[in-house]
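Undergrad:
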Amino acid sequence: MKDFQIEQESRGAIQLIRLHGSLDMYSFPRLESQLQALFQQGHNSIMLDCSKLDYIGSAGLGALIGFAKQARDRNGDLKLFRVPDRIYKVIELLGFTKVLQVYDNEETALASFQKP
Amino acid sequence: MNPTGDCKEQTLVWQRDVPNRIEDATAAAAAAGHHLRRQGVAGTAAHAAHFAIEEMLTNTIKYGHPAHPSRLSVEIVPDSVVVRIEDDGQEFDPSKSPAPPLPANPDERAPGGLGIHIVRQMISSIAYTRRDGRNHLVLTIAR
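Here the protein sequences line up with chains E and L, keeping their order.
So in the numbering used here the end of the first sequence lands on 128, straight run, no missing numbers.
So in the numbering used here the end of the second sequence lands on 131, straight run, no missing numbers.
#1: According to DSSP, is L/I73 helix, strand or coil?
#2: Are the stretch 39 to 52 of chain E and the stretch 69 to 81 of chain L in contact at 8 Å, needing three or more beta carbon pairs?
#3: If you drop the 5 nearest sequence neighbours on each side, which residues of the same chain put their C-beta closer than 6 Å to that of E/V114?
#4: Are the beta-carbon atoms belonging to E/F79 and E/L90 less than 7 Å from one another?
#5: Say whether chain E places a C-beta atom closer than 7 Å to the C-beta of L/T32.
#6: Counting only the same chain and skipping the five closest in sequence on each side, list residues whose C-beta sits under 8 Å from that of L/G100.
#7: Against L/Q109, what residues of chain E qualify as contacts under a CB-to-CB distance less than 8 Å, listed in chain order?
#8: Secondary structure at L/A33, three-state DSSP: helix, strand or coil?
#9: Tell whether a beta-carbon distance below 7 Å holds between E/S22 and E/F125.
#10: Kindly indicate if chain E contains any beta-carbon less than 7 Å away from that of L/N(-10).
#11: So, is E/G88 buried or exposed, given that buried needs 16 or more other C-beta atoms within 10 angstroms?
#12: Tell me whether the stretch 100 to 110 of chain L and the stretch 36 to 48 of chain L touch, counting them as touching only if at least three CB pairs, one residue from each stretch, are closer than 8 Å.
#13: With 16 other CB atoms within 10 Å as the buried threshold, where does L/P82 fall?
#14: Taking C-beta to C-beta, are E/Y38 and L/I10 nearer than 7 Å?
#15: Between which two residues does the beta strand (DSSP E) containing L/G21 stretch?
#16: List in chain order: all unbroken alpha helix (DSSP H) runs of 4+ residues lying wholly within the stretch 35 to 90 of chain E.
#17: Run through chain E and tell me which residues come within less than 7 Å of L/T14, C-beta to C-beta.
And the structure:
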């Protein structure tokens, strides 16, 4: 089992976070802390690279939905890209694709922030 | 906490005892998912099993307060994966847990408390019995 890891980069005003490993009940507080710190620094536009994400549980899903709402409340957004099929199917099954915007790749996710 | 594999005719059973800590529950769920993928179970079914095991074990720890480790076993049969969880926590039947209200607009959904409801949507069946002061849960996931 891979440990959960978070890498952060900037793409101009957009913060890019790459998730590695398993986002479960034990690891999701680390992502919560990182996203909360970004909001406190005024970074409200965030995209998550999920290509190396092995697993997401209900706690991780709940955290992502909560942060997407918080980002929108602050005139930003939280978007996902390169979501593995097995994880996308969970998001889709629950109807959360209307809350969590999912893109094919980094370029399309980044471009979506530029649209009015 | 080493897994013990027990090969039967056309089945493969993997089992372990899970201490009552969240980190042990999440590790056991991840190990079960890894075992299933290693045995050739499709990613979606392995992910559903991982999700269901994590949800059920952590719920038991947080709300059932078992005195002893839970017993987890995963069996691969031709058409499905069968997960069995046994614990001595408070009686709780997740198959009868009422679904939380889901507003028409998904934007208004609060995900907290949805875990068991999500599991029921992801798996084929859920069966519960209470015997000898223990909860016995059987989850079946289509392969």
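We treat Cβ as the ideally placed atom computed from N, Cα and C, and that holds for glycine.
Please read all numbers here as calculations on a predicted model, not as lab measurements.
TA: By the coordinates alone:
#1: strand
#2: no
#3: L92 and V95
#4: The Cβ-Cβ distance between E/F79 and E/L90 falls below 7 Å.
#5: yes
#6: In this predicted model, L/G100 has a pLDDT of only 47, less than 50, meaning its place in the structure is not dependable; the value taken from the coordinates is given anyway. Nothing listed; no residue qualifies.
#7: L105 and L106
#8: Helix, per DSSP.
#9: no
#10: Its pLDDT being 43, under 50, L/N(-10) is placed unreliably in this model, and the coordinates cannot settle the point.
#11: buried
#12: yes
#13: The residue in question, L/P82, is buried, as its Cβ has 16 or more Cβ neighbours within 10 Å.
#14: yes
#15: Element bounds for L/G21: not the beta strand (DSSP E) but the alpha helix (DSSP H), I10 to R26.
#16: 40 to 52 and 70 to 85
#17: D36, M37 and Y38
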